[in-house]
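J.: When you line the sequence shown up against this note's numbering, it's residues 40 to 215, in that order. Positions of the beta carbon are idealized from the N, C-alpha and C atoms, including for glycine. All values reported here derive from a predicted model rather than from experimental measurement.
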Amino acid sequence: DGTPLPERAIGKVWCKGKSVMVGYFRDDAATAACMSDGWLDTGDMGYMSDGYIYIVGRAKDMIIVNGKNHWPQDIEWAVEQLPGFKAGDIAAFAITTPGGEETPAVLVQCRSSDEGERLRLRDEIRERVRSVTGMNCVIELIPPRTLPRTSSGKLSRAKARNLYLSGDIKPYDIAA
Numbered sequence: 040d041g042t043p044l045p046e047r048a049i050g051k052v053w054c055k056g057k058s059v060m061v062g063y064f065r066d067d068a069a070t071a072a073c074m075s076d077g078w079l080d081t082g083d084m085g086y087m088s089d090g091y092i093y094i095v096g097r098a099k100d101m102i103i104v105n106g107k108n109h110w111p112q113d114i115e116w117a118v119e120q121l122p123g124f125k126a127g128d129i130a131a132f133a134i135t136t137p138g139g140e141e142t143p144a145v146l147v148q149c150r151s152s153d154e155g156e157r158l159r160l161r162d163e164i165r166e167r168v169r170s171v172t173g174m175n176c177v178i179e180l181i182p183p184r185t186l187p188r189t190s191s192g193k194l195s196r197a198k199a200r201n202l203y204l205s206g207d208i209k210p211y212d213i214a215a
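1. Could you check the C-alpha separation between residue 71 and residue 150 for me, to the nearest Å?
2. Just the Cα atoms here: how many angstroms apart are residue 42 and residue 97?
3. CB residue 80 to CB residue 94, shorter than 7 Å?
4. Just checking my contact of residue 208 with residue 146 at CB under 8 Å: how many whole Å lie between their CB atoms?
5. Is it buried or exposed, residue 176, if we count other Cβ atoms within 10 angstroms and call 16 or more buried?
6. For residue 66, which of helix, strand or coil comes out of DSSP?
7. Let's see if you can read the secondary structure: which residues bound the beta strand (DSSP E) around residue 148?
8. How long is the line joining the alpha carbons of residue 144 and residue 181, rounded to whole angstroms?
9. Run through DSSP, which three-state label would residue 99 get?
10. May I have a chain-ordered list of the beta strand (DSSP E) segments no shorter than 3 residues that lie completely inside the segment 173-211?
11. Tell me which residue opens and which closes the alpha helix (DSSP H) that residue 117 is part of.
12. Return yes when the Cβ of residue 161 is within less than 7 Å of the Cβ of residue 114, no when it is not.
13. Here's a check: name, in chain order, each residue in its chain whose Cβ is nearer than 8 Å to the Cβ of residue 47, leaving out the five neighbours to either side.
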């Protein structure tokens with residue numbers, strides 16, 4: 040609502056100033072979506088401390104389940120701590136279940152070709168994520184080098200989500 044938050048409280052980052060854009064060229068709809076009374080919604084979440092701003096993530100990446108906010112980076116980090124996985128192997132994002140509820144989905148690049156090992160890894164990942172977040176998640180093991188990257192080499196969660204939902208990222212078949 041535009042109300043400044045107390046020190047170290049996480050909220051949406053808005054900025055205003057002489058060097059901040061006034062709008063998108065010939066795109067009033069895009070301008071209206073991110074500008075309000077001269078303030079630019081950066082799309083970031085952050086907090087202030089001792090006069091400095093700290094960015095903690097992107098608002099669009101936030102996973103909200105039962106009114107609680109979860110950062111995808113926290114879920115990804117939890118899986119990265121397991122043996123055999125590294126940064127960039129995991130993408131976490133929200134999906135909508137057939138019942139209309141939002142739930143986290145976790146795509147994990149898996150190098151094992153053994154189906155029994157994949158089953159064990161999926162269960163281990165599920166337990167790890169549950170222990171860190173308290174949530175049950177959809178865990179999908181996918182082939183290496185499947186997760187999309189940005190031009191700078193960073194994981195693109197939004198693209199991974201879209202490719203997964205469209206069926207273009209195909210998880211390994213694992214028995215229940």
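T.: If we stick to the structure as given:
1. Walking along the sequence shown from the start, residue 71 turns up at place 32. Walking along the sequence shown from the start, residue 150 turns up at place 111. So the two alpha carbons sit approximately 45 Å from each other.
2. Position 3 of the sequence shown, counted from the first residue, corresponds to residue 42. Position 58 of the sequence shown, counted from the first residue, corresponds to residue 97. One C-alpha to the other measures close to 19 Å.
3. Here residue 80 is taken as the residue at index 41 of the sequence shown, counted from 1. Here residue 94 is taken as the residue at index 55 of the sequence shown, counted from 1. No, the pair does not count as a contact, with Cβ atoms beyond the cut-off.
4. Taking the first residue of the sequence shown as 1, we reach residue 208 at position 169. Taking the first residue of the sequence shown as 1, we reach residue 146 at position 107. Residue 208 to residue 146, Cβ: 7 Å. Contact.
5. By one-based count along the sequence shown, residue 176 stands at place 137. Its Cβ being crowded by 16 or more others within 10 Å, residue 176 is buried.
6. One-based indexing of the sequence shown puts residue 66 at position 27. If DSSP states are grouped into helix, strand and coil, residue 66 belongs with coil.
7. As a working mapping, residue 148 is identified with position 109 in the sequence shown. Where residue 148 is concerned, the enclosing beta strand (DSSP E) stretches over 141-148.
8. Here residue 144 refers to the residue found at position 105 of the sequence shown. Here residue 181 refers to the residue found at position 142 of the sequence shown. Approximately 12 Å, taken between the alpha carbons.
9. Locating residue 99 in the sequence shown gives position 60, counting from the first residue. In this structure, residue 99 counts as helix in the three-state DSSP scheme.
10. Counting whole runs of 3 or more residues, the segment 173-211 contains the beta strand (DSSP E) stretches 177-181.
11. For this step, residue 117 is matched to residue 78 along the sequence shown. Run containing residue 117: 111-119, per the alpha helix (DSSP H) assignment.
12. To locate residue 114, count along the sequence shown from 1; it is residue 75. To locate residue 161, count along the sequence shown from 1; it is residue 122. Cβ distance not < 7 Å, so residue 114 and residue 161 don't count as in contact.
13. Counting from 1 along the sequence shown, the entry for residue 47 is found at position 8. Closer than 8 Å at the Cβ level, and outside the excluded window around residue 47, lie 86, 87, 88.
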